[in-house]
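Asks: Sharing a structure, written as structure tokens. Questions coming.
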Amino acid sequence: LFKRAIIQSGTVASSWALSYTPKEDAMKLADKLGIKPTDTADLVEKLSAIPTPQLVQASGEISQTK
């Protein structure tokens, strides 16, 4: 029936996986990284330039303080 499969877990209905304040969370992340955006587009541009490991670390530090 199957030759190969990718096993994943989780669901979009997981409340822990959702952010009800995404803009606020992104601004907290920017602040943690020392980014001072002028608007949302600037925020996206500046966050996009940050290396992934640095984003993951800062994001983890923020989520631990919630």
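Heads up: the sequence shown begins at 1 in full-length UniProt numbering, then just goes up one per residue.
A virtual CB, placed ideally from N, CA and C, is assigned to each residue, including glycine.
Assign L29 to one of two classes, buried (16 or more other C-beta atoms within 10 Å of its C-beta) or exposed (fewer than that).
Replies: Residue 29 sits at position 29 when you count from the first residue of the sequence shown. The residue in question, L29, is buried, as its Cβ has 16 or more Cβ neighbours within 10 Å.
Asks: Could you say which of I50, K3 and A5 lies nearest to I35 if we only look at CA atoms?
Replies: Numbered from its first residue, the sequence shown carries residue 35 at position 35. Ranking I50, K3 and A5 by Cα distance to I35 puts I50 first.
Asks: Just how far apart, CA to CA, sit P37 and S48?
Replies: For the purposes of this step, residue 37 is taken as the residue at position 37 of the sequence shown. For the purposes of this step, residue 48 is taken as the residue at position 48 of the sequence shown. Answer to the nearest angstrom: the Cα atoms are 12 Å apart.
Asks: Quick one: using the 10 Å Cβ neighbour count with 16 as the cut-off for buried, is A17 buried or exposed?
Replies: The residue labelled residue 17 in the question sits at position 17 within the sequence shown. By the 10 Å Cβ count, A17 comes out exposed.
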